[in-house]
Amino acid sequence: MPPRRFANPSDPNSRPAQGNIPFKQASPSIGKLYRDIPIETDALFAKEDFAVPKEHAFVRFCRGMYKRFPSMEKGAAFNVEFKEAIAFLGWNLRAEEFSAAVKGTMVALIAASAVFSVLVGIIFGDLLAKTLGVESGIIPIIYIFFPLVLASALAANYVQGYPLNEAKREQIRALTYVPDMVGYMIMSMKLVPNLEKSVEFAADHGKGRISQEFRRIIWNTNLGVYNTIAEGLDELAYSWGKFSSEFKQALMNIRASVLENTEAKRYQLLDKTMDEVLESVQGKMEQYARDLSGPSTTLFYVGVLLPLILIIILPVGSAFSGSPLAQTGVLFFIYDILLPVMVIWFAIGLLASRPPTYTPPEIKDGQAGLPPKNTFVMGKNKMSIWAPVLGILLVGGLVSGFVHLYGLGVGDPESANSLYVLQPDRTLEKVLSVDRKPVDYFDAQGTREQQLRALNYDDEVIAQTIATEKAKFFAQTENDTTPYNLIFGLLITFSLAAAAYIQLTLQEKRKLQLRYMQMESEFKDSLYVLASRLGENKPIEDALRHTQTFLPNNIVSQEVFGKTVDNIHVLGMPLENAVFDPAYGSLKNNPSQIITSSMKIAVDSVRLGVQVAARTLISLSRQLGNSERVSKMLTTLIRDITGTMKTVSVYIAPVVLGITTSLQRVVIVTITSINASSSGGNQPQVDLTSTGIPGASSFANSDISSFIKPDVIATLATPGEFLVIVAIYVIELVIIMNYFVTLIEENNPLLAKMNAAKSLPIAIIIFVATVIVSNMLVAGNFG
1 MPPRRFANPS
11 DPNSRPAQGN
21 IPFKQASPSI
31 GKLYRDIPIE
41 TDALFAKEDF
51 AVPKEHAFVR
61 FCRGMYKRFP
71 SMEKGAAFNV
81 EFKEAIAFLG
91 WNLRAEEFSA
101 AVKGTMVALI
111 AASAVFSVLV
121 GIIFGDLLAK
131 TLGVESGIIP
141 IIYIFFPLVL
151 ASALAANYVQ
161 GYPLNEAKRE
171 QIRALTYVPD
181 MVGYMIMSMK
191 LVPNLEKSVE
201 FAADHGKGRI
211 SQEFRRIIWN
221 TNLGVYNTIA
231 EGLDELAYSW
241 GKFSSEFKQA
251 LMNIRASVLE
261 NTEAKRYQLL
271 DKTMDEVLES
281 VQGKMEQYAR
291 DLSGPSTTLF
301 YVGVLLPLIL
311 IIILPVGSAF
321 SGSPLAQTGV
331 LFFIYDILLP
341 VMVIWFAIGL
351 LASRPPTYTP
361 PEIKDGQAGL
371 PPKNTFVMGK
381 NKMSIWAPVL
391 GILLVGGLVS
401 GFVHLYGLGV
411 GDPESANSLY
421 VLQPDRTLEK
431 VLSVDRKPVD
441 YFDAQGTREQ
451 QLRALNYDDE
461 VIAQTIATEK
471 AKFFAQTEND
481 TTPYNLIFGL
491 LITFSLAAAA
501 YIQLTLQEKR
511 KLQLRYMQME
521 SEFKDSLYVL
531 ASRLGENKPI
541 EDALRHTQTF
551 LPNNIVSQEV
561 FGKTVDNIHV
571 LGMPLENAVF
581 DPAYGSLKNN
591 PSQIITSSMK
601 IAVDSVRLGV
611 QVAARTLISL
621 SRQLGNSERV
631 SKMLTTLIRD
641 ITGTMKTVSV
651 YIAPVVLGIT
661 TSLQRVVIVT
671 ITSINASSSG
681 GNQPQVDLTS
691 TGIPGASSFA
701 NSDISSFIKP
711 DVIATLATPG
721 EFLVIVAIYV
731 IELVIIMNYF
741 VTLIEENNPL
751 LAKMNAAKSL
761 PIAIIIFVAT
771 VIVSNMLVAG
781 NFG
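Numbering (full-length UniProt numbering), first residue to last: 1 to 783.
Dropping the structure here:
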């Protein structure tokens, strides 16, 4: 079968990629060649319709609120700071609309909170009163209403500060986009000193809001809003001046380079401009890295130290105030919902302040080179991911159950001569029998209740006494019936299974991503070699073939350049089709935006002749090097801080939270002991000096026991319940912090997921070991 032909090689119009064709003509100047390229204006503006300006979602929100609350704030005016921010953002927003949005948000949310609180109070009033430990009526409604009012105020404050925060975020994004845009303009200006061409080139290849601003300048110039491109650039420079001084100065220098009378002076000014931009960006990134230390410390306080403080405050406050602060449901809400939400909110804010640097290629499901979904490669074979995951769950569950029932050791667990690393978990019957109590001792109508009724105590005193004694009895280390072995085993099993699933799911994607990242790293060097051969007036095919031969170990030279040459010679494709053809192109299935956009520039530049292409590719190589320099600069600057944050989340946090579980037991025993010591009748007096707590004797001699609410003692979370709550929080904290820390250090969601999965089993094992050791210490000094 003859090879498929896409063009007639003998027809010069069908092969514009041939670098030697333009030299068959009468040596036109580079500037004339460059100016003769037709600019496809429709393609330039295909992504955005400037005839109908798009409104920001916040502007639409403000206008909607103004329609609902038109008389909320007539005659309002922006202060200088807000005026500059809104002008910088390019929002068509009036002060009356903004003020109506702020105040309308506050009023609407407070009104909704009032209605919601009343409805909940009417429907669930008695249940809320019982849960909160207050009287029925308006008190439960107030408990619901005031937190919602606080949330309403926070929402209104967020609306009020949104323009300033958005301007700040744009300023941070500009740290990356400014060097790219300035680099593209300089690349074009070095070919021909034409501002219109340089702005069009930068708008076509750049990213971010600055690229959109460039497109808008071209659009407005075509409409006659600006007389020249230079006029639009001047306005853009001064609107960005306060927020990005380096961009303002760069635009001025590029504008001034047109006036230079020699090419050498123009090149010197343009190179100086790029160096100044990179130097300014480096200074701002260093400041960002320094500013990151404060938020990272706050994240440690919120995620690690706050739970430690709460476990002391909540039970004590609950016992003395009668509020349900230390109930299982409340602790679950605080530790496993409220605190993680706070950590996520804080981490998102921290991530939003990160300059958007290099983004690795995104490997999607179905990418060429990946195994089928839910399979992984082992050697030369493909296996289902569920086989090892289910195997871990099965083995881990069986081992956990065995250790729960029989422990881990040799001999009889009851014998002093046995050797056990982990004793079997205690059961209720065993604990009560060791203390010579019947199995129904604490049950309703049980032995203890009958003893108290024989002493003529009323029902309320009996219930409070049994609840207090039961809580104190089972809080003692030797009487703890929490199935620690089972919980620990299931925690480790779950973490290992989750880590295995995520790692096996993503490891092949990560391998492909690293391969394409290596190609991107090699690409700038390959461009230099390619440009050198083009500078010798070699055709593009010969230059590509030479680059492939000269760099035999480079993936990009073999897979991209080599396949491009094969498509040209074997399939007869023109250069553009040889690279971008959806079926046979050399960039088919290549997810790298850097390589794709750079090859687009290379293909376009070849149409101008090999000399222009050579100069363009040399400039492009430098531009890619500058972008890589900016990304590595940020990663290097923040690596110390992100390393500390990883250490905190994986090692320090599990240790602190593991100790917290033992402190909860100490707090419960202390509270129940104080309450028991104040009980009348035949209740034994408890000597707190025997607890081993420093200052316990003076604490026991005080008369504060009368302030403790006995009915609250029974509602306190048991050590086992609190252990599960904290374990869930450890899992959430490790995943959240490792995920976001990786995104702060390197904007790579794939790697962030893998790092979180890798850290989870380590953190859980450290948490389990800490709980075991701290329980042993508490048992030795407090048991």
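Idealized CB from N, CA, C, for every residue including glycine.
It should be emphasised that the depicted structure is a prediction, and the values quoted were computed from it without experimental measurement.
Rounded straight-line distance, which links the Cα of Ile731 to that of Gln451: Straight-line Cα distance between these residues: approximately 45 angstroms.
Three-state class that DSSP yields for Met378 in the structure shown: strand
Simplified DSSP state of Tyr66, which is helix, strand or coil: helix
7 angstroms CB neighbourhood of Val258 in its chain, flanking five on each side removed: Pro193 and Leu195
Local Cβ density within 10 Å of Asp204, reported as buried at 16 or more and exposed below that: buried
Three-state secondary structure assigned by DSSP to Tyr335: helix
Selected residue, minimal CA-CA separation from Ser521, among Tyr358, His404, Phe376 and Phe442: Tyr358
Meets three-Cβ-pair contact criterion under 8 angstroms: the segment 533-544 and the segment 552-569: yes
Cβ-based neighbour list, Leu551, same chain, cut-off 7 angstroms, excluding 5 preceding and 5 following: Ser526, Val529 and Ser557
8 angstroms Cβ cutoff met for Gln503 and Ala717: no
Whole-angstrom distance between Gly104 and Val149, CA atom to CA atom: 14 angstroms
DSSP-derived helix/strand/coil call for Thr285: The sequence shown places Met at residue 285, not Thr. In the structure shown, Met285 sits in a helix (DSSP, three-state: H, G or I).
Burial state of Asn381 (16 or more Cβ within 10 Å): exposed
Straight-line Cα distance separating Pro340 from residue 787: The structure shown does not extend to residue 787, since the chain spans only 1 to 783, so no value can be given for it.
Backbone CA spacing between Val669 and Arg448 [nearest angstrom]: 20 angstroms
Simplified DSSP state of Thr770, which is helix, strand or coil: helix
Whole-angstrom distance between Leu236 and Ile210, CA atom to CA atom: In a straight line, the C-alpha of Ile210 is about 9 angstroms away from that of Leu236.
Cβ-heavy atom distance, Ile641 to the ligand NAP, below 7 angstroms: No copy of the ligand NAP appears in this structure; indeed no ligand is present at all.
Strand pairing of Leu408, partner residues [DSSP]: Leu422
Bounding residues of the alpha helix (DSSP H) (the contiguous stretch that carries Ile210): Gly208 to Leu223
Cross-strand partners of Met383 (DSSP beta bridge): Phe376
Under 8 angstroms between C-beta atoms of Gly658 and Val771: yes
For Ile502, three-class secondary structure by DSSP: DSSP, reduced to helix, strand and coil, places Ile502 within a helical segment of the structure shown.
Chain-order list of residues whose beta-carbon lies under 8 angstroms from that of Phe78 (same chain, five-residue window excluded): Ile86, Ala95 and Phe98
Ile141 versus Ala531, Ile641 and Val115, residue with shortest Cα-Cα distance: Minimum Cα distance to Ile141 is reached at Val115.
7 angstroms Cβ shell around Leu663 - same chain, five flanking residues per side excluded: Ile311 and Ile312
Beta carbon of Leu370 nearer than 8 angstroms to that of Leu251: Cβ atoms of Leu370 and Leu251: not closer than 8 angstroms.
Same chain, Cβ closer than 6 angstroms to Asn479, five either side skipped, listed in chain order: Val431 and Phe473
Assigned exposure category for Lys272 - 16 Cβ within 10 Å defines buried: exposed
Alpha-carbon to alpha-carbon, Gly206 and Ala46: Residue placement at Ala46 is poorly supported in this model, since its pLDDT is 45, which falls under 50; the coordinates still yield a value, given next. Approximately 15 angstroms, taken between the alpha carbons.
Distance, Ala108 Cα to Ser598 Cα: So the two alpha carbons sit approximately 51 angstroms from each other.
Own chain partners of Tyr177 with C-beta closer than 8 angstroms, once the 5 adjacent residues on each side are dropped: Gly206, Lys207, Gly208, Arg209, Ile210, Ser211 and Pro356
Member of Leu760, Phe722, Leu733 and Leu777 whose CA lies at the smallest distance from the CA of Gly329: Phe722
Proximity to Val395 [Cα-Cα], best of Phe494, Phe145, Leu571 and Thr262: Phe494
Under the three-state DSSP convention, the category Asn775 falls into: For Asn775, the secondary structure class from DSSP, reduced to helix, strand or coil, is helix.
Coarse secondary structure for Met342, derived from DSSP in three states: helix
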